[in-house]
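Undergrad: Numbering (the working numbering), first residue to last: 589 to 1150.
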Amino acid sequence: MDFAAAFLVFIASMRSFWIWALMSMGSPVLSVCGLDVHYTHGGGKYSSAAKAGNFRIISRHDMELNPMTTDSTKIRVRFAPSPTGYLHIGSARAALFNWLYARHMGGTFLLRIEDTDLERSTEEATQQILTSLDWLGLTPDEPVVYQRQRADRHKEYLDRLLTEGKAYKCYCPKERLEELRGKARTDGRIFAYNRAMLEPGEMEKYEAAGGSFVIRILAPEGETTGFDDMVYGRIDVENANIGDFVIARGDGSPLYNFTNVVDDIDMGITHICRGEDHVSNTPKQMLIYNALGATPPRFAHLPLILGPDKQKLSKRHGATGVMEFKEKGILPQALVNYLSLLGWAPPEAEFNEIMPLDEIVSKFSLDRVKKSPAVFDHEKLQWMNGMYIREMPKSKIYELVIPTLKSRFAVNSELASEEWLHSIIDLAIERSRTLSDFADNLSYFFEAPAEYEEKASKKFLGNSEQISQFVESAGVLDNAWAATPTPTTGPIDEWCGAMEAAVRTWSDARGYKFGNVMQPIRLALTGRTASPSLFHVMALMGREEVARRISACATRLSATAQ
RNA sequence: GCCCGGUUCGUCUAGCGGUUUAGGACAUCGCCCUCUCACGGCGAAGAUCACGGGUUCGAAUCCCGUACCGGGUACCA
């Protein structure tokens, strides 16, 4: 090994390293890196490297906030569902991202119901969508637009394209179309119809025969149509791969791509944010904007939401309708927070995932949206929901939970005062991740245990010795209770402490482990091995009921014990 | 088939050519707290950054190819 030569190679390799090191030392040489450096007066966010001076590196991430290129007051976005079913969680996220973008930019959020497909659209679905959005808090800033009511405008624009020769009536029969389609496929080409595909005079022949026709837009030949997607970047498609697609049926009823564009133009939409499944529709729509001489909006496509098997999220993955989440006891704030983090994340490397809405709004930006699809994780939603429950004012929790208890159990209003209900709910707050968990966690307050967890009853009350110990502990408990009655008002912590001390003194004297004394009692009162602090449970259950359950348990288990 | 995309721990993600032995969160496991569970606290494990080339002194980061996955390919939206 020649060390001198090796050393020279090392020095040479370090040359560029020193150039890099020099460049990182100060902004005056930033331009050497080939970065665009712009001078601004303030506003927007600055990259940390340029923050100190008045220089600002324009990167993909802060383009949108550049006050010189965007007039934020003019932003208008819309959510445009078709009312063919309930509001899907994926659509809800699209609605949310539109709403967030509008709020962030100080713009306007609109809702348009695309009900032109008379066969599939229903009034019921429309109402469902409206209530779902309302529940999520995504209410539009202007009256809802119903596409069906805009037929006159669609016709107007259609006629204009026809008279200007930018669209034409196509009499080509379906069979001929199929033939062409089949040929393209065997040739290994995409099928994109273009009337020049027909033999000379063929169209005239079909027209003379008086067949039905459709209206197709004319895709200028030899050109490329594309757009700059705010999420995916530049997407270009050759017109030859788009073809003269149908924009209206023969009876004049317009199709999706056409109505969509016409309505967006009339509504003054500046940014379209929708699912990734619309990417391939976008060049078609660009063609329509161009034909109509309208300035197209900016597009931002959102990656899809998948199920655990990485397939598009659907019914068989469990809940997909927004209202199903409500029924399962998910809070809208939690769902919104969770959804906002599917495919988007704020700029900080480490951030608190539990974010109040206004924080999400202030941090939100479309160009931080990811390109790849995300798997919907019910576990994480549940965790987040639990966090929201624990942060919520108690009065609000009572308001939401009491109806669920009343619907599930026979809640006798004489025995179960509001105050009592509040107290038992308090015990379940940190043990519940959804609103429906409360009823599960508190069921034993309403129904005496029908059975006892088998494994635990064998372990703690499996023989006569254990049972007699249990009965004895119950006696100690009842005596202590007689000596210190449960306070009828105010906090019960002190009472719990006194009761615990009494039981502990006894179990210590007998050399029993406290836990082994408490578990049988827990089993007797709740039927389970897990519950809130037992003395709190007893205080709220009442001395008589506690005694009743203990003796019922002892009786039943001694029958089976050895 | 063809067109258009995507690919970082099991999952959601950070990452914008050197500060990365790839950071955080959920889930998992362990410890502490403790009458059990939960909450909370502490900690562990978990990603050869899909693969193969290239550019560069230096690549998870830029370019090309391959594989796999997805979307689209309608007189649906």
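From the three backbone atoms N, C-alpha and C, an ideal C-beta is built for every residue, glycine too.
Which whole runs of the alpha helix (DSSP H) in the segment 1044-1082 are 4 residues long or more, in chain order?
TA: Fully enclosed alpha helix (DSSP H) runs of 4 or longer: 1052-1071.
Undergrad: Looking at A1142: is its Cβ nearer than 8 Å to the Cβ of I1012?
TA: no
Undergrad: Taking the alpha-carbon positions, what's the L892 to L1023 distance?
TA: 28 Å
Undergrad: A1097 to A1090, Cα distance in whole Å?
TA: 11 Å
Undergrad: Check the DSSP bridge columns for K900 and list the partner residues they point to.
TA: Under DSSP, K900 forms a beta bridge with L894.
Undergrad: Apart from the five residues on each side of it in sequence, which residues of its chain come closer than 7 Å, Cβ to Cβ, to I741?
TA: Just to set this straight, residue 741 is Arg in the shown sequence, not Ile. Excluding sequence neighbours, R741 sits near V850 and D854.
Undergrad: What do you get for L1015, buried or exposed, if any count of 16 or more other CB atoms within 10 angstroms of its CB means buried?
TA: With a threshold of 16 other beta carbon atoms within 10 Å, L1015 meets it and is buried.
Undergrad: Measuring alpha carbon to alpha carbon, tell me which residue in S1045, A1127, A1118 and P1108 is nearest E1082.
TA: A1127
Undergrad: Quick one: any contact between the segment 907-922 and the segment 660-676, if contact means 3 or more CB pairs under 8 Å?
TA: yes
Undergrad: If you draw a straight line from the alpha carbon of D816 to that of K754, how long is it in whole angstroms?
TA: 24 Å
Undergrad: Just how far apart, CA to CA, sit M943 and N925?
TA: The alpha-carbon atoms of M943 and N925 are separated by roughly 7 Å.
Undergrad: I'd like to know if the segment 912-923 and the segment 968-979 are in contact, where contact means that at least 3 CB-CB pairs between them fall below 8 Å.
TA: yes
Undergrad: Going by the C-beta, is S928 closer than 7 Å to any heavy atom of the ligand SAM?
TA: With respect to the ligand SAM, the structure shown offers nothing to examine, as it has no ligands at all.
Undergrad: What runs of the alpha helix (DSSP H), each 4 residues or longer, lie entirely inside the segment 766-815?
TA: 790-796
Undergrad: Under 7 Å Cβ to Cβ from E826, same chain only, skipping five residues before and after it: list those, please.
TA: T812
Undergrad: Taking the Cβ atom as the reference point for each residue, do A933 and R956 lie within a distance shorter than 8 Å?
TA: yes
Undergrad: In terms of residues, what are the limits of the beta strand (DSSP E) holding K757?
TA: A755 to C758
Undergrad: What ranges does the alpha helix (DSSP H) occupy inside the segment 834-909, keeping only unbroken runs of at least 4 residues that lie completely in it?
TA: Listed in chain order, they are 844-854 and 870-880.
Undergrad: Taking Cβ positions, are Y734 and I701 nearer each other than 8 Å?
TA: yes
Undergrad: Should the segment 720-729 be called in touch with the segment 755-765, which here means at least 3 C-beta pairs below 8 Å?
TA: no
Undergrad: Output the distance between the C-alpha atoms of E1035 and L993, rounded to the nearest integer angstrom.
TA: Roughly 12 Å between the two C-alpha positions.
Undergrad: Measuring only the C-alpha atoms, how far is S928 from N686?
TA: 11 Å
Undergrad: Please classify D965: does DSSP put it in a helix, a strand, or coil?
TA: DSSP, reduced to helix, strand and coil, places D965 outside both helices and strands of the structure shown, so it counts as coil.
Undergrad: Considering only their Cβ atoms, is the gap separating I860 from P842 smaller than 8 Å?
TA: Cβ distance not < 8 Å, so P842 and I860 don't count as in contact.
Undergrad: DSSP three-state label for C1141, please.
TA: helix
Undergrad: When burial is assigned at 16 or more other CB atoms within 10 Å of the CB, is P808 buried or exposed?
TA: Exposed, by the Cβ-count rule.
Undergrad: Kindly indicate which three-state DSSP category R700 falls into: helix, strand or coil?
TA: strand
Undergrad: Just tell me which of L684, R1144, K958 and T1093 has its CA closest to the CA of E1042.
TA: R1144
Undergrad: Kindly indicate which three-state DSSP category R666 falls into: helix, strand or coil?
TA: strand
Undergrad: Can you give the Cα-Cα distance for S636 and S950, rounded to whole angstroms?
TA: The predicted model places S636 with a pLDDT of 29, which falls under 50 and marks its position as unreliable; any figure quoted below should be read in that light. Going from the Cα of S636 to the Cα of S950 covers about 18 Å.
Undergrad: Using three-state DSSP, classify D722 as helix, strand or coil.
TA: helix
Undergrad: For the putative contact between S1031 and L1111, defined by C-beta atoms under 8 Å, what is the C-beta separation to the nearest angstrom?
TA: So it is not a contact: roughly 15 Å between Cβ atoms.
Undergrad: Could you please give the first and the last residue of the uninterrupted beta strand (DSSP E) stretch that includes R1116?
TA: From DSSP, R1116 is part of no beta strand (DSSP E); its letter is neither H nor E.
Undergrad: So, helix, strand or coil for Y1040, using DSSP?
TA: coil
Undergrad: Using only alpha-carbon positions, find the residue among P871, S995 and A882 that is nearest to I540.
TA: Because residue 540 is not part of the residues shown, which for the chain are 589 to 1150, the question remains open.
Undergrad: To the nearest angstrom, report how far apart T1076 and F939 are at their CA atoms.
TA: 46 Å
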